[in-house]
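First up is the structure itself, then whatever we jot down about it.
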Amino acid sequence: MEKAYFDYAATTPTHPEVVTAMLPYFEEKFGNPSSIHGFGRETKAAIQDARLKVADLLGADQAEIVFTGSGTESDNFALEGVAFSREKEGRHIISTPIEHHAILETLKFLEKRGFKVTYLPVDQYGMVNPEDIKKYVNDETILVSVMHANNEIGTIEPLAEISKVIRELNINRENRIYLHTDAVQTVGQIPVNVNELGVDLLSLSAHKFYGPKGVGALYIRKGTKLVSFMHGGEQERGRRASTENVPGIVGLGKACEIAKKELPVWTTELTRLRDKLKNGLFAKISDIELNGHPTLRLPKNLDVSIQYVEGESMLLSLDMEGIAVSTGSACSSGSLEPSHVMLAIGKTHEQAHGSIRFSLGRLTTEKEIDYVLEVFPPIVERLRKMSPLYKGVK
Amino acid sequence: MPQYSEKVMEHFRNPHNVGEIENPDGVGHVGNPVCGDIMEMYIKVKDNVIVDAKFKTFGCGAAIATSSMMTDLVKGKTIEEALQISNRAVVEALDGLPAIKLHCSVLAEDALKGAINDYLKKTTGKGLPNWKPHED
Ligand code: FES
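These protein sequences, in sequence, are chains A and B.
Throughout the first sequence, residue numbering follows this note's numbering, covering 15 to 408 in sequence.
Throughout the second sequence, residue numbering follows this note's numbering, covering 14 to 149 in sequence.
Listed below in structure tokens is the structure:
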């Protein structure tokens, strides 16, 4: 059976050069970076080297990078860290309804502890209007958190404009508003520069761009106040105690180095393949629509809603052909609720039901696109024949 | 994503009795209150025996497999026998369903009962005594 992986937004295969870079740090170079002896100094240097590479990709200073265990941890760290260090200055946070659950659930946790959260409206593409921040900000506002790009529909948010609005607001404020972004879907995938975006905090995850799982980082702009996330050691300047995941951190560093080099190629190639897939599907399948912004979207992402069919049954059918995708259908979510992103952008339950996400990556081939274009339309046709909603349509 | 049994996948891959029956003797049309899916069941009845059953389903793999299995199970049964077929029987015949997918089998039971209800109404003027689709 042919196999075609179209779920790069979920995770990516580790780059072989990343694996090679990591391997020595399991057996030969196993020292604890906190040890003063040679074994420790060796791994401490490796971590430092990785930190420089991450900083370099982001246009940050190495001292502004803290390694974490995942993108989710970075998000928790950023929001809780700011909230708990600045609760005396204010207890209001602004975010969006289309964030990843790592943000939404952390915000809920903070709401239970007395913080107020305002969710900015988003338009039909999931786009935030930066000007809206002025409407919702108040004296208590300490943080705005807006994702860089949406994991499901691929829309890229206007972060630079958002930070401009916040900078203007900050001129007349004593309690500066911080800007955090969950950039898990963008770092290593499109150009991300912390200064161009004007963010104070930025979360990233290694396994979304060919690094290993179980390691992420939080960018913390110099002077940003936040409480430590883990206690029990001086690692990461006391901000995140724990013996470092040395192989993982080395892998993250390598992934950043590769991304910095390869990004322009990946971006053009993915855009080309993605558009080919999109045009092919739209030509072959009726009653199909694009979710997310038509142009301001991640090159790797194609999210569509297909009418009269349910996502899980499409996903299963594709899986039987060796094709891996994801869906926002209620039937495949643990909660049996349709995707919160689809509902937030004004889609109906039926549209959410019929949503399918293809996400491409550096190993996606022309052949795989052709394979999907050959296999998927008959699947839709078959399921539509079974669908009571399809009656009389044609 | 739930793990489905081989049986479920078999019925999902090649569902039996897909489609509509022309001039059916009973039609059941139910919506799933849990996740919002839709199932339709058609029956043909002769001398109190269900001689044919077909379905159309807009739903997940479990919904399609349970509709398929349900139509298989009712064929050749008398109305009284068919009414005894619960969603559990369908689940068992499919070698089980993930817990989160049990409600899809309830939908299949409701669709069948709905079809029988419709048939009884048409033939006797009275439907199933206090029949209502499940709420959850
Ligand atoms: S029909 Fe929605 S979960 Fe089965």
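Virtual Cβ for every residue (Gly too), placed ideally from N, Cα, C.
- Listed in chain order, the non-local C-beta contacts of P47 (chain A) below 7 Å within the same chain comprise G54, T57, K58, I61, E258, V260, local neighbours out to five positions each way being set aside.
- The nearest non-hydrogen atom of ligand 1 is 7 Å or more from the C-beta of K88 (chain B).
- Contact of P402 (chain A) with chain B by beta-carbon distance below 8 Å involves H42, I51, M52, E53, K69, T70, F71.
- Burial check for Q97 (chain B): the Cβ neighbour count within 10 Å stays below 16, so the residue is exposed.
- The alpha-carbon separation between I77 (chain B) and G265 (chain A) amounts to approximately 44 Å.
- Pairing L121 (chain A) with G104 (chain A), the inter-Cα distance amounts to about 15 Å.
- Closest in alpha carbon position to T200 (chain A), among A:L312, A:Y139, A:T86, A:L377, is A:L312.
- For the region 25 to 55 of chain A, there are no residues whose beta carbon sits under 7 Å from a beta carbon of chain B.
- Out of B:V40, B:V58, B:G44, the CA that lies nearest to the CA of F68 (chain B) is found in B:V40.
- Considered as a whole, the region 106 to 189 of chain A harbours 106 to 109, 130 to 133, 155 to 159 as its complete beta strand (DSSP E) runs of no fewer than 3 residues, in chain order.
- In this structure, D85 (chain B) lies away from I56 (chain B), with their beta-carbon atoms at least 8 Å apart.
- At a C-beta separation below 8 Å, V31 (chain B) has these neighbours in chain A: K399, M400.
- Setting aside the 5 residues that flank it on each side, V62 (chain B) is surrounded in the same chain by T91, each with a C-beta closer than 6 Å to its C-beta; the list follows chain order.
- Not one heavy atom of ligand 1 falls within 7 Å of the beta-carbon of L403 (chain A).
- Not a single CB atom of chain B sits nearer than 8 Å to the CB of E166 (chain A).
- Residue pairing by DSSP puts M54 (chain B) in a beta bridge opposite B:G41, B:F68.
- In this structure, A344 (chain A) has its beta carbon less than 7 Å from a heavy atom of ligand 1.
- Rounded to the nearest angstrom, the gap between the Cα atoms of P392 (chain A) and Y150 (chain A) is 48 Å.
- Taking all protein chains shown into account, W280 (chain A) has 16 or more neighbouring C-beta atoms within 10 Å of its C-beta and is therefore buried.
- The alpha-carbon of L377 (chain A) is positioned some 23 Å away from that of S84 (chain A).
- Taking a Cβ-Cβ threshold of 8 Å, none of the residues of chain A is close to P111 (chain B); the smallest such distance is about 11 Å.
- Proximity of chain A to G74 (chain B) at the Cβ level (cut-off 7 Å) is accounted for by E326, S327, L330, in chain order.
- When C-alpha distances from Y404 (chain A) are compared across A:G342, A:I320, A:F372, the shortest belongs to A:I320.
- M161 (chain A) has a beta carbon lying at 8 Å or more from every beta carbon in chain B.
- For I180 (chain A), same chain residues with a beta-carbon under 8 Å away, outside a window of 5 residues either side, are I147, V158, I191, L193, G212 in chain order.
- If you ignore the 5 residues before and after W144 (chain B), its C-beta comes within less than 7 Å of the C-beta of K126, N130, all in its own chain and listed in chain order.
- If you ignore the 5 residues before and after L71 (chain A), its C-beta comes within less than 8 Å of the C-beta of V201, G202, V206, C270, E271, A273, K274, all in its own chain and listed in chain order.
- Counting only Cβ-Cβ distances below 9 Å, H245 (chain A) has no contacts in chain B at all, with the closest Cβ about 37 Å away.
- Chain order gives the chain B residues near Y322 (chain A) as F71, where near means a beta carbon separation below 8 Å.
- The Cβ atoms of H114 (chain A) and N184 (chain A) do not sit closer than 8 Å to each other.
- Straight-line spacing of the CA atoms in F296 (chain A) and L387 (chain A) works out to 10 Å.
- It is roughly 12 Å from the alpha-carbon of E94 (chain A) to the alpha-carbon of T86 (chain A).
- Under DSSP, V33 (chain A) takes part in no beta bridge, so it has no partner.
- In the three-state scheme derived from DSSP, where H, G and I count as helix and E and B as strand, V31 (chain B) is classed as strand.
- For L357 (chain A), not one C-beta of chain B is nearer than 8 Å to its own C-beta.
- Contact between L316 (chain A) and R288 (chain A) holds: their C-beta atoms lie close to 5 Å from each other, under 8 Å.
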